[in-house]
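Asks:
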Amino acid sequence: MATERTLSIIKPDATRRNLTGKINAKFEEAGLRIVAQKRIHLSEAQAGKFYEVHKDRPFYGELVEFMASEPVVVQVLEGEGAIAKNREVMGATNPANADEGTIRKEFALSMGENSVHGSDAPETAAQEIAYFFSGLELVG
Ligand code: DAT
Ligand code: MG
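Sequential numbering from 0 applies to the sequence shown in numbering that gives the first Met the number 0.
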């Protein structure tokens, strides 16, 4: 499998509870390298654009408000099959369905406040990385 990059976000419920280091340890233990990382506070417009694919879903307003409520840590993870590997480390969207040892099983508070975002495919990974990072910020 090829080396890939994926976009990860440590969400406000996790940054608020000082879980950035514990979550990053999970990524690193799984062989994912953090090749770019920054802490930012999204505006509602920026969060809304990021999650535009969900704009017709009933939870969209709540999701956007939550993502803009407090700072997040956006990061680029690199590794063999990084997109799928990150989804594995994250666990299921609903923490009630997440496997033991996953980030969402250990840390998520609810379906909405579920601690992490991860890209779901090569095309979305490329778009999402470009949304937050310039080429100059991506070190190998
Ligand atoms: P994922 O983050 O696992 O890729 P998704 O892309 O389907 O999941 O949804 C994006 C986020 O939206 C998800 O992390 C939390 C929120 N969300 C999804 N479904 C929801 C629901 N039924 N109720 C509340 N929030 C939801
Ligand atoms: Mg998704």
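Where a beta carbon is used, it is the ideal one built from N, C-alpha and C, also for glycine.
For Val71, does the three-state DSSP call read helix, strand or coil?
Replies: DSSP places Val71 in strand when its eight states are reduced to three.
Asks: Could you check what DSSP says for Thr123 in three-state terms: helix, strand or coil?
Replies: Three-state DSSP puts Thr123 in a helix.
Asks: Is Val138 close to chain B? Criterion is C-beta to C-beta, closer than 7 Å.
Replies: Although the question refers to chain B, the structure presented lacks it and comprises just one protein chain.
Asks: Mind listing which residues have their beta carbon within less than 7 Å of any non-hydrogen atom of the ligand MG? Chain order is fine.
Replies: Listed by chain position, these are His116, Asp119.
Asks: How big is the Cα-Cα spacing for Glu3 and Met66?
Replies: In a straight line, the C-alpha of Glu3 is about 26 Å away from that of Met66.
Asks: Apart from the five residues just before and just after Leu62, which ones in its own chain have a Cβ nearer than 7 Å to its Cβ?
Replies: Same-chain partners within the cutoff: Tyr50, His53, Gly111.
Asks: Based on the DSSP secondary-structure assignment, which residues constitute the bridge partners of Val138?
Replies: Note: Val138 sits in no beta bridge, so no partner.
Asks: For the ligand DAT, is there any heavy atom lying closer than 6 Å to the beta carbon of Phe58?
Replies: Yes - the ligand DAT has a heavy atom lying nearer than 6 Å to the Cβ of Phe58.
Asks: CB-CB under 8 Å to Pro70, same chain, minus the five flanking residues each way: which ones, in chain order?
Replies: Within the same chain, Pro70 has close Cβ partners Pro11, Thr14, Arg38, Ile39, His40.
Asks: Within the same chain, show all residues whose beta-carbon is closer than 7 Å to that of Ala46, passing over the 5 residues directly before and after it, in chain order.
Replies: Once the five neighbours on either side are set aside, the close Cβ partners of Ala46 are Val63, Met66, Ala67.
Asks: Indicate the three-state DSSP secondary structure (helix, strand or coil) for Lys60 in the structure shown.
Replies: A quick correction: the sequence has Gly, not Lys, at residue 60. Residue state, collapsed to three classes: helix.
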